[in-house]
Every structure is written in C-alpha cells, then in structure tokens.
Amino acid sequence: RNNDKDEKSEEFLSFTISRNATVYVGYDSRATRLPGWLSGTYEPTAMKIGVSEGMRHFNVYQQDFSAGTISMGGNLASGAENVFSNYIVIIQSKISDHEIVDISKVAIYPDDSEMDSKLINNEIRSLQDNIKSVMLGDGQSLTIESSEGTKISKLEIKEKPSSSDIPSDDLEFTYGLVDLTIENVDINGSATVKLYLPEGSSPETYYKYGPTPDQPESHWYEFEYDGETGAQIDQNVITLHYVDGKRGEDNISEEDDKITVTNGGAVFRSSQAIAPEATTSINSDSDSGCFVQCLGYR
Numbered sequence: 005r006n007n008d009k010d011e012k013s014e015e016f017l018s019f020t021i022s023r024n025a026t027v028y029v030g031y032d033s034r035a036t037r038l039p040g041w042l043s044g045t046y047e048p049t050a051m052k053i054g055v056s057e058g059m060r061h062f063n064v065y066q067q068d069f070s071a072g073t074i075s076m077g078g079n080l081a082s083g084a085e086n087v088f089s090n091y092i093v094i095i096q097s098k099i100s101d102h103e104i105v106d107i108s109k110v111a112i113y114p115d116d117s118e119m120d121s122k123l124i125n126n127e128i129r130s131l132q133d134n135i136k137s138v139m140l141g142d143g144q145s146l147t148i149e150s151s152e153g154t155k156i157s158k159l160e161i162k163e164k165p166s167s168s169d170i171p172s173d174d175l176e177f178t179y180g181l182v183d184l185t186i187e188n189v190d191i192n193g194s195a196t197v198k199l200y201l202p203e204g205s206s207p208e209t210y211y212k213y214g215p216t217p218d219q220p221e222s223h224w225y226e227f228e229y230d231g232e233t234g235a236q237i238d239q240n241v242i243t244l245h246y247v248d249g250k251r252g253e254d255n256i257s258e259e260d261d262k263i264t265v266t267n268g269g270a271v272f273r274s275s276q277a278i279a280p281e282a283t284t285s286i287n288s289d290s291d292s293g294c295f296v297q298c299l300g301y302r
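Every letter in the sequence shown is one number past the one before it in our numbering, and letter 210, counting from 1, is 214.
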C-alpha cells in the first residue's frame, strides 16, 4: 500500500521479460492526471478492465518492449484526489511483429461493467493460443504449454481413474488424466507439450491409455522418452514429446495438421509424498491460460 499521492521518479515496480512483448497497463480511471512514466510512452487504448469497486474500471494503455528489464514508476501524478495507486500489468509475448492481439475476450469489459476485482487474477488468463491453465484445489493450478506456433484447441482434465481401471494398485494419478488437441502441426510433424504441476510435485513417471503402432487396441503403457516420443520429467515440469501418427497420439492411422491425445497422466507411487489432490476436473475449449501476470496495487 502506498498512500503518497505525489508522482515519484524512483522505481516502484520492475520485472524482466525473456523475449519481446507488449505490456498492457490497466490504470485507475479516477486519476485526474497520469504519472509521467505512463503518459510519456504508453499509448491509450479503447479497452477497459471492469471492477466493482469505486473506480468502476481501469483504463488500458500499451507499449511494446524488447527483452530485458521493465521498470514502472510510483504513484499517481500530483493533483489526483482520494485515489490510491491502482494498476494491473498484463504481459503479452510477441510471437511475430504481425501478431494481432484481442484482449477483449479475456476479461476486458465494457465501460462501467461490474466485476469483483478479486476475480481479475482468475479471469484474465491467456493472450496466447498455446498456453492454458486449469485451477486445482487450494488455489493451485496446472498449466499446459504447447510448442510456439501451435494451438491448444481442446483441453480437458478428467478425474483420476479408479483403482480397478489402472494397471497397478500403487499408481496414483493425483492430478487426473489429460485430454488435449494440438492444432497447427505439420503433417507427420512434431510438437512438445509442457505440463507445469504445482510447486513441490515430483511425479515418478507418465502413463498413457490408448493405441500404439505395435498394439492397435487401447492399453495402458508407460510413456517413457525414447528419443522421439515420450515424457521427460524434471521435478514438477513434464515435457511431453509427440509426433503426428506415432506413439502417444490417439489417431495413429491419420495424417493431419493436429495431434490428439487422451488419457495421459502424471503418476506417483502410493509410497511417494504427493501434493494435494486436484478438486477441479475439467476445463474444455476455453481461453484460459497462465501467461498473464496481473498485479494490483492499492
């Protein structure tokens, strides 16, 4: 909390981006004058972020940045009355110079719309087609990111299977089973998918239920990395390697521009100490994701 209403020249917030990005700043609409760090280089837009508090909405400004550290100034410009320093930062990676971003679909609301500000962080999800997120229990989330240039067109997290439906009683699918479709893949091409499990998770392996080229009937198998397809695990991050029509994909007999996978999940052994169980099971065909950082200051 920063109650000083004078404009400050010293840095109030800084962060580092690893690649070129557009930064959107949602700023308190009650301000009678913008601070110099915002008015000097950020361009105003017609977009607004609706909230249900007194300011009713944040006006949105934008600026393009190259990879590096970005600094933002302190409080509101002098002259503002009865206003705290409120702003939200949204970071959109630039895949290409020709990318067109429409953030109106991710919780940018019409002027004076009502929305509990506590929901902003949950509602503003993703400005990229290849990153999705599913909320789990205890405020945790499971984030899924496919290769750049691809699109996750369908995502569903199903409840973990019962003990009678899995190959061994000591296998625990704590975070359920993942179904997803990845589009914009070259015919016979490859794609990677990264699963970011909650911090502290460290699964032992990854299992999949479905057909394989050598066994067309669906069956359980350990999706170990063989140099071409399979899962690589680094603590709470699982990197899944897929090739169109090969082991891991469901449609092994079809050649198209997408990869469809179902019934795959991170596996813990019953003896392992595991993170809290997921309580939210599905998120299908949504625009949610976790690339966005939302920061509110009062």
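Backbone N, C-alpha and C fix where the C-beta goes; we use that ideal spot for every residue, glycine too. Note that this is a predicted model, so its numbers are computed, not measured.
DSSP state of residue i mapped onto helix, strand, coil
| i | result |
| --- | --- |
| S43 | helix |
| D68 | strand |
| K173 | One point to set straight first is that residue 173 is Asp, not Lys, in the sequence displayed. Coil. |
| Q236 | strand |
| E226 | strand |
| D32 | strand |
| I21 | strand |
| E160 | strand |
| E187 | strand |
| L146 | strand |
| Y179 | coil |
| S198 | According to the sequence as given, residue 198 is Lys; it is not Ser. In the structure shown, K198 sits in a strand (DSSP, three-state: E or B). |
| E152 | coil |
| N255 | coil |
| N192 | coil |
| S205 | coil |
| K250 | coil |
| L1 | Given a span of 5 to 302 for the chain in the structure shown, any question on residue 1 remains unanswerable. |
Beta-carbon gap between residue i and residue j smaller than 7 Å
| i | j | result |
| --- | --- | --- |
| V241 | Y211 | no |
| S191 | E259 | Looking at the sequence shown, residue 191 is not Ser but Ile. Taking 7 Å as the Cβ cut-off, I191 and E259 qualify as a contacting pair. |
| V247 | T233 | yes |
| V182 | G268 | yes |
| Y229 | Q239 | no |
| S303 | A195 | Outside the shown range of the chain (5 to 302) lies residue 303, about which nothing can therefore be said. |
| K162 | T185 | no |
Expected contact under 8 Å - CB spacing of residue i and residue j to nearest Å
| i | j | result |
| --- | --- | --- |
| F272 | T154 | Wrong, their Cβ atoms sit about 28 Å apart, outside the cutoff. |
| N134 | I156 | 6 Å |
| S206 | G214 | Actually they are not in contact, since the Cβ atoms of S206 and G214 sit about 25 Å apart, beyond 8 Å. |
| I21 | I95 | 6 Å |
| W224 | I263 | With a Cβ gap of about 20 Å, W224 and I263 do not count as contacting. |
| E176 | S274 | 6 Å |
| G77 | F16 | 6 Å |
When the options are compared against residue i, the one with the closest alpha-carbon
| i | options | result |
| --- | --- | --- |
| S145 | K158, D133, G249, G180 | G180 |
| T45 | I74, D173, L159 | I74 |
| S33 | F62, N24, A50 | F62 |
| F227 | T243, Q239, P220 | T243 |
| G252 | Q239, Q219, S274 | Q219 |
| R23 | A235, F16, S70, L159 | S70 |
| D254 | P217, Q239, Q236 | P217 |
| K164 | T209, A270, G193 | A270 |
| D174 | E208, I92, R37 | E208 |
| P39 | A25, I53, K52, Y91 | Y91 |
contact_flag[the stretch 16-32, the stretch 65-79] where n(CB pairs < 8 Å) is 3 or more
yes
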